Amino acid sequence: MLQDAAARDWEACAARVSADGVTDEAITTEARRLEKLFEAHAVARERFRLDPAGRATANTHFDEAEPGAEEWRVAQVLIDPQDANDWEARFVLSLPETRASGRVALRLEAVAEIGAK
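Take any residue in the sequence shown, count from 1 to its spot, add 17: that is its number in the numbering used here.
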């Protein structure tokens, strides 16, 4: 998903995180939403890296979920060329949807400076 976002291929990005069988119209709507979410990061940092440092597991953070929780919150630090590394992409992973579909069910909630609400 982040590879598609880095390439600014919003339709592919949306298709990757959308449930199977959604309409083209729904994918287009999601593509516009994703583009808007990444817009502020593009202005502040231009792009993010996808090299080994950019993909390192040390940059992926999971919030502690209560036992039996149906959602996990995940944040991926967006490593930038200037190494400011002060932005993140925040996702919600739905465990029931993941189990039902047999694929990871992620929803991007925000792209923001680390610590911003």
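Where a beta carbon is used, it is the ideal one built from N, C-alpha and C, also for glycine.
Here the structure is a predicted model, which means the values were calculated and not measured.
Could you give the C-beta distance for residue i and residue j, rounded to a whole number, given that I count them as a contact under 8 Å?
| i | j | result |
| --- | --- | --- |
| Glu130 | Leu110 | The Cβ separation is near 22 Å, so there is no contact. |
| Ala48 | Trp27 | 4 Å |
| Ile44 | Ala32 | 5 Å |
Please tell me whether residue i and residue j are closer than 8 Å, where the distance is taken between their beta carbons.
| i | j | result |
| --- | --- | --- |
| Phe55 | Ala101 | no |
| Val92 | Arg107 | Sequence check: residue 92 is Ala here, not Val. In this structure, Arg107 lies closer than 8 Å to Ala92 by Cβ. |
| Gln20 | Leu67 | yes |
| Val34 | Leu112 | no |
| Trp104 | Ala70 | no |
Whole angstroms is fine: what's the gap from residue i's alpha carbon to residue j's?
| i | j | result |
| --- | --- | --- |
| Glu42 | Glu81 | 35 Å |
| Glu83 | Ala117 | 21 Å |
| Glu63 | Ile96 | 11 Å |
| Thr74 | Val39 | 31 Å |
| Arg90 | Glu52 | 21 Å |
| Glu126 | Glu114 | 16 Å |
Which residues does DSSP list as the beta-bridge partners of residue i?
| i | result |
| --- | --- |
| Thr77 | Gln93 |
| Ser111 | Glu88 |
| Glu2 | It is not possible to answer for residue 2, since the shown part of the chain is limited to 18 through 134. |
| Leu137 | A query on residue 137 cannot be resolved here, the shown segment of the chain reaching from 18 to 134 and no further. |
With a 10 Å radius around its C-beta and 16 neighbouring C-beta atoms as the bar for buried, classify residue i as buried or exposed.
| i | result |
| --- | --- |
| Phe79 | exposed |
| Val121 | exposed |
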